[in-house]
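Working notes, structure below.
Numbering (our numbering), first residue to last: 334 to 865.
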């Protein structure tokens, strides 16, 4: 069958791309490996928390052995559902800051990737329920709001950080992140607003939109260096679909380069390792992997300030009824209501703060810290905004159904490790400051026996993990950049009618969560494509 456009990947970027093309009268095929976004549990903001250990809507990648982390492997979750991460994530709406986009603009010498220009996409897409100014839109399909429910522990954290000298920040998305405040969420009056809610549901009945679920694109069909279609594994067999105009990849930072490599586009040396014929030798495919990485600092607290056991027993029933009957209460919260952007060694430094310090009102742990006993508590999570570490994504085999090899390379740069240690030390000082100290009982992680720098280094290496914001493996850059994969129009170098519209295009990671940028990138990229 033939379509005007074929979109590979039904995540945030894919949903925006499909919406804009269908509304421009194009016949679109959207291919997604996961199932549909139908479970009402996913609409509940608190619903994502029990799924952090896994669900039918996740895929878990296991990293290669990390030598710099004492040989450790760690797990990285990826959405496997229509809407991608927007259907299962923590819903934080964050854009980054102008200096991030200045780097993008310089990489391609194109104002269309500047902060000022991308702001148009953010404002157009946004339906903010509190803010209406030059930085925010109120009429867009993506609903954005403040947390509908905030626990006492969150209030204490915000007051404590102000007491330490940080200003209150009422809007982290106007270009100035410095300070402490509540994070806005992609929620709509107590319900998740995913990319499906915002961009697919309004066009589901349009006969121009064709969605294939539980289908895996194995390769791009290329003739004479021109993308003409895709091969798709579905229901146990390979089918082919063809595009009149363009094939657009929005499969994400791990899978987009994988598809390119299986299609013969990538580093010739890597492709030869798997007996894949090279069509275009692009060394940058799979390189430049960047991700926010974080380390938890966990304390136990007095009862009544967080979310411990709010999803258990009678309390679970009460909270569920409150949500169903009144659309209020703890179920409307994502548990991570607040954060601070800061420099842990100089709180007065308000220029491009290097750390985002989340305050999560539970003992927030993962598979590497499951040995601690759950209790009333909170977690201060130090997250590096501009890591210097660079990793890569490679093929594990010539079989396109096999997952790729992922090397995040966290703490391969000593500056990143030093910054993280400084931030964990700062977190210790935060919980000793009033009024937060009034509710803190004891340090759980790293633990009082972790005292020296060497102890902290080992702790950080044992617990560092992804903040689920991988980018950069199909980076945008100028033609003379040996590691550029895409030009300023997000076209793949050397191949006609093939583009990548997801966060793998980022030359540099933005200083914030990547769901909102994924949508803005796709919106901007479609505008550029349609204006040609």
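No residue lacks a Cβ here, since even glycine has one placed at the ideal position from N, Cα and C.
- About 7 Å separates the beta carbons of residue 799 and residue 741, which is inside the 8 Å limit, making them a contact pair.
- In terms of Cα proximity to residue 794, the closest of 485, 770, 555, 757 is 757.
- Non-local C-beta neighbours of residue 696 in its own chain, meaning closer than 8 Å and more than five positions away in sequence, comprise 631, 633, 641, 705, 707, 708, 710, 711, 712, 777, ordered along the chain.
- In this structure, residue 733 lies near residue 552, with their beta-carbon atoms less than 8 Å apart.
- Residue 423 places its beta carbon 8 Å or farther from that of residue 390.
- Between the alpha carbons of residue 560 and residue 611 lies a gap of roughly 15 Å.
- In this structure, the straight-line span from the alpha carbon of residue 683 to that of residue 565 is close to 49 Å.
- In this structure the region 661-678 does not touch the region 615-627; the number of beta carbon pairs closer than 8 Å is below three.
- Apart from the 5 residues on each side of it in sequence, residue 409 sits with its Cβ closer than 6 Å to the Cβ of 394, 799 in its chain, given in chain order.
- Residue 720 is positioned such that its CB atom lies closer than 8 Å to that of residue 749.
- With a minimum length of 3 residues, the unbroken runs of beta strand (DSSP E) contained wholly in the region 408-484 fall at 408-412, 459-461, 475-477.
- When DSSP reads this structure, residue 717 sits in a beta bridge with 688.
- Residue 576 counts as buried, since at least 16 other C-beta atoms from the protein chains shown sit within 10 angstroms of its C-beta.
- Note on geometry: alpha-carbon atoms of residue 542 and residue 347 lie some 12 Å from one another.
- The C-beta separation of residue 592 from residue 584 comes to about 6 Å, placing the pair in contact by the 8 Å criterion.
- Here residue 587 carries a coil assignment [DSSP, helix/strand/coil].
- Within the same chain, and ignoring the five residues on either side of residue 436 in sequence, the residues whose Cβ sits closer than 7 Å to its Cβ are 840, 841.
- Taking C-beta atoms as the reference points, residue 845 and residue 429 count as a pair closer than 8 Å.
- Straight through space, the alpha carbons of residue 670 and residue 653 are spaced by roughly 19 Å.
- Looking only at 447, 529, 443, the smallest Cα-Cα distance to residue 433 is reached by 447.
- Straight-line measurement puts the Cα of residue 512 at about 42 Å from the Cα of residue 594.
- Residue 496 counts as exposed, since fewer than 16 other beta carbons sit within 10 angstroms of its beta carbon.
- The way I'd put it, the region 530-539 doesn't touch the region 480-488; fewer than three beta-carbon pairs between them come closer than 8 Å.
- If you look at residue 850, you'll find it in the alpha helix (DSSP H) that goes 848-864.
- Taking C-alpha positions only, residue 745 is separated from residue 369 by approximately 38 Å.
- The beta-carbon separation of residue 454 and residue 853, rounded to 4 Å, stays under the 8 Å limit for a contact.
- Under the three-state reduction of DSSP output, residue 672 falls in the strand class.
- Taking a C-beta distance under 8 Å as the contact criterion, residue 396 and residue 739 qualify as a contact pair.
- Inside the region 563-619, DSSP marks whole alpha helix (DSSP H) runs of 4 or more residues at positions 588-595, 601-605, from first to last along the chain.
- When DSSP reads this structure, residue 391 sits in a beta bridge with 412.
- Assigned with DSSP and collapsed to three states, residue 665 falls in helix.
- DSSP, reduced to helix, strand and coil, places residue 633 within a strand of the structure shown.
- Annotation for residue 776: the continuous beta strand (DSSP E) segment containing it runs 773-778.
- In this structure, residue 808 lies away from residue 862, with their beta-carbon atoms at least 8 Å apart.
- Going by DSSP, residue 697 is part of no beta strand (DSSP E) at all; its letter is neither H nor E.
- One Cα belongs to residue 790, the other to residue 754, and the distance between them is close to 7 Å.
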